[in-house]
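See structure below.
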Amino acid sequence: MAYSSSAARRAAYLFLTLCCGALLTFAGFRIYDVYGPSKISVGGIPYGLPAGSTVARGDTPDLTADVAKVPVQVQTELRRATELARSGSYQAAYDIYDGVIVLYPDLLPALLGQINTLFEMGALTENQQDRLSLLIGKLQARLPGSGVATYVESRKIYQSGNASAALELARVASERAPALYQTRLWYGKLLMDNGRFLQAANEFKTVVSLSGGDVPAAYENLAELYHRSGQLDSCAAVVEYALSQYPVNVKLLLLQGYMDEYQGHFDAAEKIYQRILAFMPDYAPAREAVSTLGEKSPPGPGNGVVLSPQDRAQTALDILEPMVDKYPENLPLKEALGRAYLKGRQFDLARKQFQDIQKVDPEYPDIQQRIQESNITRPAPINKNDGLTANLNRAVDSLRETMAPSAVHDFSTMLGHYVVRYGATPKEFFKKYSIGNFRPVAKNVWQESFFVAPYMHTYTVVFDSLNHFREVHVVVYDSSSSSNHFGIAPEIYTRLLKQNSRISGIGNSTGETDCGDGLIIDAAVWETQDNFEMLARVVGKPAEVRMVRFDKSALPPGLKLCDYTKYLNEF
Numbered sequence: 000m001a002y003s004s005s006a007a008r009r010a011a012y013l014f015l016t017l018c019c020g021a022l023l024t025f026a027g028f029r030i031y032d033v034y035g036p037s038k039i040s041v042g043g044i045p046y047g048l049p050a051g052s053t054v055a056r057g058d059t060p061d062l063t064a065d066v067a068k069v070p071v072q073v074q075t076e077l078r079r080a081t082e083l084a085r086s087g088s089y090q091a092a093y094d095i096y097d098g099v100i101v102l103y104p105d106l107l108p109a110l111l112g113q114i115n116t117l118f119e120m121g122a123l124t125e126n127q128q129d130r131l132s133l134l135i136g137k138l139q140a141r142l143p144g145s146g147v148a149t150y151v152e153s154r155k156i157y158q159s160g161n162a163s164a165a166l167e168l169a170r171v172a173s174e175r176a177p178a179l180y181q182t183r184l185w186y187g188k189l190l191m192d193n194g195r196f197l198q199a200a201n202e203f204k205t206v207v208s209l210s211g212g213d214v215p216a217a218y219e220n221l222a223e224l225y226h227r228s229g230q231l232d233s234c235a236a237v238v239e240y241a242l243s244q245y246p247v248n249v250k251l252l253l254l255q256g257y258m259d260e261y262q263g264h265f266d267a268a269e270k271i272y273q274r275i276l277a278f279m280p281d282y283a284p285a286r287e288a289v290s291t292l293g294e295k296s297p298p299g300p301g302n303g304v305v306l307s308p309q310d311r312a313q314t315a316l317d318i319l320e321p322m323v324d325k326y327p328e329n330l331p332l333k334e335a336l337g338r339a340y341l342k343g344r345q346f347d348l349a350r351k352q353f354q355d356i357q358k359v360d361p362e363y364p365d366i367q368q369r370i371q372e373s374n375i376t377r378p379a380p381i382n383k384n385d386g387l388t389a390n391l392n393r394a395v396d397s398l399r400e401t402m403a404p405s406a407v408h409d410f411s412t413m414l415g416h417y418v419v420r421y422g423a424t425p426k427e428f429f430k431k432y433s434i435g436n437f438r439p440v441a442k443n444v445w446q447e448s449f450f451v452a453p454y455m456h457t458y459t460v461v462f463d464s465l466n467h468f469r470e471v472h473v474v475v476y477d478s479s480s481s482s483n484h485f486g487i488a489p490e491i492y493t494r495l496l497k498q499n500s501r502i503s504g505i506g507n508s509t510g511e512t513d514c515g516d517g518l519i520i521d522a523a524v525w526e527t528q529d530n531f532e533m534l535a536r537v538v539g540k541p542a543e544v545r546m547v548r549f550d551k552s553a554l555p556p557g558l559k560l561c562d563y564t565k566y567l568n569e570f
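Numbering (numbering that gives the first Met the number 0), first residue to last: 0 to 570.
Structure representation (structure tokens):
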């Protein structure tokens, strides 16, 4: 009996000790969580860090709070400068930052923005170099020993040619200001250049998460990393997603062209390169890509060599040339031979065949287009410093003249994702998208409808009273739906939700919300600084999904979820 009592006491003491230990551990965790290093929790952005990951703040300055202190007009100018810099228009961005700094000489976002812009501009004038040195000194004096100061010092040293010291300073900067995406992006670039791909990939993914997917350079570098390391499937996946966000990004388009070449799709690759040159004629990588079409080998060990267009065309030439010699009056044979010459990049011979056809029959179908193709698709010279040659200038001019507005819908434009800036005029909009697809349904309102089995799509584009593009309304109807789908989301909703998530990123699901009068909606919302999107279904209407996309400046403030139903049902 005494033994039993003693054992019970020991068990009780052990239990109390474990409980106290657990309480102390929990208390320590809470104290650390409240008073320990500040952290940032990131969302599940595609190709970023896993949802729920945290990044320590360190001494990262709160640039958003600094921007909020200046007038709205200045905030707008800063956003414009940021977008210009991201798109490669560095001089225009520099000028805007310069004007803001005149008014607010100590505004950190403007100082850092102009410093980054000057670093990206490459060859600087003497005045610009002096300006850069002045700004760096000013920033480092204001934040001595900080992650930001170390970051700009890393870039300064790299500019002087000391890459190894720049890498070490970039590492220190990322440790001191781990939540500043500029430091992580710079560190990732230097790691990639040193062949440390695994570490670099993590840096680029961190940038994607910290910026909410708003920095195209993060996707560019992540795709380039996969390309260099021979992970072509991963590269293609990143490029496909990133181009749905930034459809005219030349670096991503160039990689897309490479992917097509590696698969032997030379025509598709060449069209991409020519598209780049159409809106950026002096972009040297695209000119080089055209001139070396079919000569590239996939990077990475073990990748085979793809046959060039010349090799592929030679078999057809061996068959067609003797046949045309024997039957010179057969125009379809001459056209086939001309096309084979085009495939083999023998443009002068192709043009001769097409011109011979035109002499015999000026009305021969598409013959003028064939002649243009034989002029357009010349290898772009890459060893001259005086811009494009006359042939390429003529080619680009011809390409621009023949580029008609799009009359078809591909993945990127489905669900009303028109690649036109908010504020654009109807002239700008219909220069991009064929007006023949649309019909006016009200003043400043245009609508198009098309059927992609089993869904009927109706998209309504709305311009404001000043004829500026502001909103898109989408209705998709499932012609095959026959059930009420009570209890689960119908297939059309889940499918379109996945589709829009591939275009706009992961949205925020609202779940089913009772809006009164028997109206229950299930929705997902995507929101950025300038754009608002909502995809929704009405419970009990399984065949229909509605969506709205708005310029956020056109929406009244303070709207709640159910308030959007009037916009969803407007058209």
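We put the beta carbon where it would ideally sit given N, CA and C, even for glycine.
Taking buried to mean at least 16 other C-beta atoms within 10 Å of its own C-beta, is residue i buried or exposed?
i: I519; result: exposed
i: S37; result: exposed
i: G303; result: Bear in mind that the predicted position of G303 carries a pLDDT of just 46, short of 50, making it too unreliable to give a figure here.
i: R286; result: buried
i: C18; result: exposed
i: V247; result: exposed
i: D521; result: buried
i: Q90; result: exposed
i: T527; result: exposed
i: S145; result: buried
i: E152; result: buried
i: A64; result: exposed
i: G515; result: exposed
i: L13; result: exposed
i: E202; result: buried
i: S478; result: exposed
i: I271; result: buried
Candidates the options: which alpha carbon is nearest residue i's?
i: L176; options: D550, P297, R56 and Y563; result: Sequence inspection shows Ala at residue 176; the Leu mentioned does not correspond to that position. Comparing Cα-Cα distances from A176 to each of D550, P297, R56 and Y563, the minimum goes to R56.
i: K188; options: A178, R170 and G98; result: R170
i: S508; options: V41, T493, D516 and R78; result: T493
i: A277; options: V249, E294, S296 and S290; result: V249
i: Q357; options: Q345, L341, N329 and G343; result: N329
i: D192; options: Y157, G212, K204 and L209; result: Y157
i: P453; options: E543, P425 and S373; result: E543
i: I100; options: V69, T124, D360 and A335; result: V69
i: D365; options: A335, L554, K342 and Q345; result: A335
i: D463; options: R78, A553 and L319; result: A553
i: L107; options: N126, L62 and V323; result: L62
i: K442; options: F468, Y93, R369 and P321; result: F468
i: Q72; options: L102, K540 and M322; result: L102
i: G87; options: P215, L138, I39 and L197; result: P215
Does DSSP put residue i in a helix, in a strand, or in coil?
i: Q446; result: strand
i: H226; result: helix
i: Y458; result: strand
i: E334; result: helix
i: E125; result: helix
i: E427; result: helix
i: P439; result: strand
i: M546; result: strand
i: A148; result: helix
i: Y432; result: strand
i: K573; result: The chain is shown only over 0 to 570; residue 573 falls outside these bounds and no answer can be derived.
i: R369; result: helix
i: T53; result: strand
i: R9; result: helix
i: V537; result: strand
i: V359; result: helix
i: V451; result: strand
CA-CA distance, residue i and residue j?
i: L134; j: V238; result: 35 Å
i: G525; j: Y563; result: Before going further, note that residue 525 is Trp rather than Gly in the sequence given. Going by the C-alpha atoms only, they are around 13 Å apart.
i: S132; j: A80; result: 21 Å
i: L327; j: M120; result: Here residue 327 turns out to be Pro, not Leu, going by the sequence shown. Those two C-alpha atoms are separated by around 56 Å.
i: R227; j: V418; result: 30 Å
i: F450; j: V475; result: 9 Å
i: Q498; j: S243; result: 11 Å
i: F353; j: Q255; result: 31 Å
i: T124; j: D97; result: 15 Å
i: L83; j: R350; result: 41 Å
i: Y31; j: T53; result: At Y31 the pLDDT is 46, less than 50, meaning the model places this residue with poor confidence; the figure from the coordinates comes in the next sentence. When rounded, the distance between both Cα atoms is 15 Å.
Within the 9 Å Cβ cut-off, does residue i reach chain B?
i: Y240; result: Among the protein chains of the structure shown there is no chain B, as only one such chain exists.
When every heavy atom of the ligand SAM is checked, does at least one fall within less than 8 Å of the C-beta of residue i?
i: K442; result: Looking at this structure, you won't find the ligand SAM or any other ligand, since it has none at all.
Please list the segments of the alpha helix (DSSP H) lying wholly inside the region 151 to 195, counting only runs of 4 or more residues, in order along the chain. Complete alpha helix (DSSP H) runs here, min 4: 162 to 175 and 180 to 192.
Unbroken beta strand (DSSP E) runs of length 3 or more, entirely within the region 464 to 534: which are they? 468 to 477, 507 to 513 and 519 to 526
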